[in-house]
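Numbering (the working numbering), first residue to last: 25 to 190.
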Amino acid sequence: MANIISVEVIAAKIFEVRGKKVMLDADLAKLYGVTTKRLVEQVKRNIKRFPDDFMHQLTRQEVANLRSQFATSSWGGRRYLPFVFTQEGVAMLSSVLNSKRAIQVNIQIMRAFVKLRRMLLTNKDLRRKIEAMEKKYDQQFAIIFEAIKRLLEPPKQTRAIGFHTD
């Protein structure tokens, strides 16, 4: 039961909302093997454990934006706007959904968040290296282009040295 869900499957369920990486309540409920109603019920019973930076409810616009990303028209006829959980909120869920599966799923979710963070850092480092190379090569190419321009210029008229015979 160590790897009941792959990190890649979990990473595909992590989205960015309000500048934070989050997971939807319905996705989390499915991973934990409980209904969305039960997950939200447990959260509401322990609401003091979930400040705004751990969990928040999506706005209608945010739901519309996510739906357009998923290209789906419905999420099963929900009567309320979905909740999303940050990494800290997901960690807190393990304390309110106290089962062996919840613990194992949380471990995998934490690994997925860490993997995404590493990938983002790697991409930033790579971007910085490429930009540095571009600057370096832009300067080198500027010199080359200048030399090519000089070679393409017509020769300057020079004064002839010596005797003229007419």
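Glycine is no exception: its CB is placed at the ideal position from the N, C-alpha and C atoms.
- Comparing C-alpha distances from E32 to each of A115, I133, L145, L144 shows the shortest one belongs to I133.
- In chain order, V67, G113, M116 place their CB closer than 7 angstroms to the CB of F74, counting only its own chain and leaving out the 5 sequence neighbours on each side.
- Bounds of the alpha helix (DSSP H) holding K68 are 60-69.
- F137 places its beta carbon 8 angstroms or farther from that of L90.
- In this structure, V129 places its C-beta atom within 8 angstroms of the C-beta atom of Y56.
- L121 sits close to L63, with the two beta carbons spaced by under 8 angstroms.
- For M143, the number of other beta carbons within 10 angstroms of its own is below 16, and it is reported as exposed.
- Counted as a single uninterrupted DSSP element, the stretch harbouring K45 is not any alpha helix (DSSP H) but the beta strand (DSSP E) occupying residues 44-48.
- By DSSP's assignment, Q81 forms a beta bridge with F107.
- Setting aside the 5 residues that flank it on each side, S118 is surrounded in the same chain by A126, I127, N130, each with a C-beta closer than 7 angstroms to its C-beta; the list follows chain order.
- For K45 against L140, the beta-carbon gap comes to about 6 angstroms, under 8 angstroms, which counts as contact.
- Counted as a single uninterrupted DSSP element, the beta strand (DSSP E) harbouring I38 occupies residues 38-41.
- In this structure, the alpha-carbon of S30 lies about 31 angstroms from that of K72.
- When the beta-carbon positions are compared, P106 and L145 stay at least 8 angstroms from each other.
- In the three-state reduction of the DSSP assignment, L117 falls in the helix class, which pools H, G and I.
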